[in-house]
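Just so you know, this note's numbering puts the end of the sequence shown at 896, numbered straight through with nothing missing.
Step one of this worksheet: look at the structure below.
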Amino acid sequence: MQNINPFYVMDILAQAKKLEAAGHNVIHLEVGEPDFNTPEAVKRAAKTAIDENKTRYTAATGLPELKQKISNYYKQRLSADIDAHNIVITPGASGALQLALSVVVNPGQNVLMADPGYPCNRNFTRLLEADAKPIAVGPQTRYQLNHRLIDKNWDDNSIAVLLASPSNPTGTLIDQAEMLNIIDVVKQHNGLLLVDEIYQGLVYDQADFTAAALSQQLFVINSFSKFFSMTGWRLGWMIVPDDYLNAVDRLIQNLFLAAPTISQVAALSVFDDETLQLLDARRDELNKRREFLLTGLKALGFEIRLKPAGAFYIYANISKFTEDSFSFCNELLQQAHVAITPGIDFGEFQAGLHVRFAYTQPIEKLQQALDRIGDFLSSYQH
Ligand SMILES: Cc1ncc(COP(=O)(O)O)c(C=O)c1O
Numbered sequence: 515m516q517n518i519n520p521f522y523v524m525d526i527l528a529q530a531k532k533l534e535a536a537g538h539n540v541i542h543l544e545v546g547e548p549d550f551n552t553p554e555a556v557k558r559a560a561k562t563a564i565d566e567n568k569t570r571y572t573a574a575t576g577l578p579e580l581k582q583k584i585s586n587y588y589k590q591r592l593s594a595d596i597d598a599h600n601i602v603i604t605p606g607a608s609g610a611l612q613l614a615l616s617v618v619v620n621p622g623q624n625v626l627m628a629d630p631g632y633p634c635n636r637n638f639t640r641l642l643e644a645d646a647k648p649i650a651v652g653p654q655t656r657y658q659l660n661h662r663l664i665d666k667n668w669d670d671n672s673i674a675v676l677l678a679s680p681s682n683p684t685g686t687l688i689d690q691a692e693m694l695n696i697i698d699v700v701k702q703h704n705g706l707l708l709v710d711e712i713y714q715g716l717v718y719d720q721a722d723f724t725a726a727a728l729s730q731q732l733f734v735i736n737s738f739s740k741f742f743s744m745t746g747w748r749l750g751w752m753i754v755p756d757d758y759l760n761a762v763d764r765l766i767q768n769l770f771l772a773a774p775t776i777s778q779v780a781a782l783s784v785f786d787d788e789t790l791q792l793l794d795a796r797r798d799e800l801n802k803r804r805e806f807l808l809t810g811l812k813a814l815g816f817e818i819r820l821k822p823a824g825a826f827y828i829y830a831n832i833s834k835f836t837e838d839s840f841s842f843c844n845e846l847l848q849q850a851h852v853a854i855t856p857g858i859d860f861g862e863f864q865a866g867l868h869v870r871f872a873y874t875q876p877i878e879k880l881q882q883a884l885d886r887i888g889d890f891l892s893s894y895q896h
């Protein structure tokens with residue numbers, strides 16, 4: 515446990531709650547969760563599920579109808595043929611990541627991942643008595659691993675590569691041509707590729723694709739949390755290669771028994787045309803927020819080296835103001851009541867020079883946040 519780090523954003527959140535309890539108005543741009551509510555159709559379906567006593571365990575890998583809906587969704591939206599049989603339903607992408615890493619990694623092995631990147635992956639790997647091998651990435655590679663970096667950093671103990679596209683915290687993508695190169699290089703090393711597509715559907719300037727369409731030998735992780743506005747329902751899924759289906763099934767039986775039943779039944783309704791239209795409109799709203807906050811932050815002197823193309827994050831360089839992003843975030847919260855996340859949450863590489871903004875609030879709130887940050891910076895001393 516000594517190697518399991520806290521999620522620092524939770525410290526910021528706890529302090530923000532304290533300020534709110536003392537009567538202050540805090541603008542939350544720290545947590546990865548937009549202000550949108552779960553669609554009405556999903557809420558109605560959950561209420562009906564409870565009334566109809568759909569409250570018992572499902573099969574370990576999930577409801578067959580839900581797998582089929584997800585398979586159809588891939589076909590309709592991404593022109594990808596994904597067999598429902600390869601889809602397993604999980605307790606969030608968190609459950610999927612734990613399952614994938616558990617069936618792939620042995621003690622003493624390592625998993626290549628980008629630094630900065632989603633912090634929990636390092637801790638999941640550590641829990642398996644294995645190691646994360648963080649690889650520093652910057653604007654030159656769109657803050658992502660590429661096939662060259664993977665080839666260069668692969669060692670005798672490496673077993674897998676874990677990518678996230680779009681990425682948290684940078685919102686940057688891996689394009690299809692590069693994903694194919696990565697698939698090749700991982701295959702040459704007899705390794706396994708895990709691709710976290712939790713922000714799939716939240717891509718703004720280009721067509722979306724799934725890595726699962728490019729190879730049947732990868733694990734693709736996804737979730738109802740982000741595009742589908744269902745964070746608290748704890749529901750996700752994973753596309754699993756044939757050879758690993760049995761192992762994943764056995765592990766779900768032991769670790770979780772199954773994903774939450776009410777959430778699974780409710781999620782069947784999220785694929786209705788009307789609901790998908792609503793979710794698309796939310797994506798368009800996030801896109802407006804992205805443009806608005808980018809312009810505002812740049813005007814205040816934040817350096818944003820790459821325009822984020824997906825998710826709902828802006829990863830900004832603050833070297834003009836300080837080299838200690840943790841203190842910067844704390845002071846910003848205490849003095850200006852704006853909560854953002856320090857770079858140290860996402861790794862070590864230049865962590866003190868970066869912060870993450872989540873554009874999860876309406877534009878009026880973002881404007882207020884910008885005003886407050888502007889006032890804060892005008893008297894900021896480091
Ligand atoms: C990249 C990434 N993967 C996985 C998760 C876990 O999401 P959930 O368990 O809610 O599906 C998150 C949450 O923020 C994330 O950003």
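Cβ coordinates follow ideal geometry from the N, Cα and C atoms, glycine included.
Note that this is a predicted model, so its numbers are computed, not measured.
Ligand 1 heavy atom lying under 8 Å from the CB of residue i
i    : result
A607 : yes
Y632 : yes
D710 : yes
I601 : no
R897 : Since the first residue shown for the chain is 515 and the last is 896, residue 897 is missing from the structure and cannot be characterised.
Q745 : A small correction: the amino acid at residue 745 is Thr; Gln does not occupy that position in the sequence shown. Under cutoff, so the answer is yes.
N637 : no
F738 : yes
I735 : yes
S841 : no
G546 : yes
Of the residues the options, the one placed nearest residue i, counting alpha carbons only
i    : options                   : result
N620 : T639, T604, L626 and G606 : T639
V762 : N600, F741, R636 and D645 : N600
G750 : R636, Q731 and A781       : A781
S616 : T562, Y588, L676 and R591 : L676
Q582 : D885, S783 and L807       : S783
V700 : K666, Q720, M524 and I712 : K666
D597 : P578, M627, L613 and L611 : P578
T552 : N637, L533, R796 and P633 : R796
A865 : Q623, P648 and P822       : P648
H542 : D565, R886 and E799       : R886
L611 : A678, F550, P653 and D525 : A678
Y894 : A823, L814, R819 and G857 : L814
L846 : L790, V540, P822 and D549 : V540
I518 : P633, M627 and A614       : P633
A614 : L769, T569, D698 and Q702 : L769
L790 : G715, D525, H703 and A721 : G715
G861 : G576, E566, G652 and D565 : G652
G576 : I564, G609, N567 and Q590 : G609
Length of the line joining the Cα atoms of residue i and residue j
i    : j    : result
T686 : D757 : 31 Å
M752 : L765 : 14 Å
T562 : E805 : 39 Å
T836 : D629 : 20 Å
Y657 : F741 : 22 Å
D670 : N695 : 21 Å
E544 : H851 : 12 Å
V709 : Y522 : 24 Å
P774 : M515 : 28 Å
V717 : E799 : 12 Å
E643 : N635 : 13 Å
T922 : G824 : In the structure as shown, the chain starts at 515 and stops at 896, and residue 922 therefore has no counterpart that could be examined.
E817 : L580 : 43 Å
I603 : Q849 : 44 Å
Close Cβ partners of residue i (< 6 Å) along its chain, the five nearest in sequence each way excluded
i    : result
E692 : N660
R870 : P683, Y827, Y829 and T855
V556 : A780, S783 and V784
L771 : Y571
A607 : I712, I735, S737 and G750
For residue i, the three-state DSSP class (helix, strand or coil)
i    : result
A555 : helix
Y827 : strand
A691 : helix
D525 : helix
F890 : helix
S737 : strand
E788 : helix
K666 : helix
A530 : helix
F871 : strand
7 Å Cβ shell around residue i - same chain, five flanking residues per side excluded
i    : result
E547 : T745 and T874
R803 : Y873, I877 and L880
A594 : Y588, T724, A726 and A727
L807 : I828, F871, Y873 and L880
L792 : P553
A650 : D629 and F863
L867 : N831, I832, S833, E837, S839 and G857
F550 : S743 and R796
I564 : I776
Cβ neighbours of residue i in the same chain (closer than 8 Å, five flanking residues each side left out)
i    : result
P755 : N600, Q730, Q731, L732 and F733
S777 : A560, F738, M744, W747, R748 and L749
Residue-chain proximity (residue i, chain C), Cβ-Cβ < 9 Å
i    : result
I753 : Protein chain content of the structure displayed is limited to a single chain, and chain C is not contained in it.
Residue i beta carbon near ligand 2 (any heavy atom closer than 8 Å)
i    : result
S681 : Only ligand 1 can be found as ligands here, which leaves ligand 2 out of the picture.
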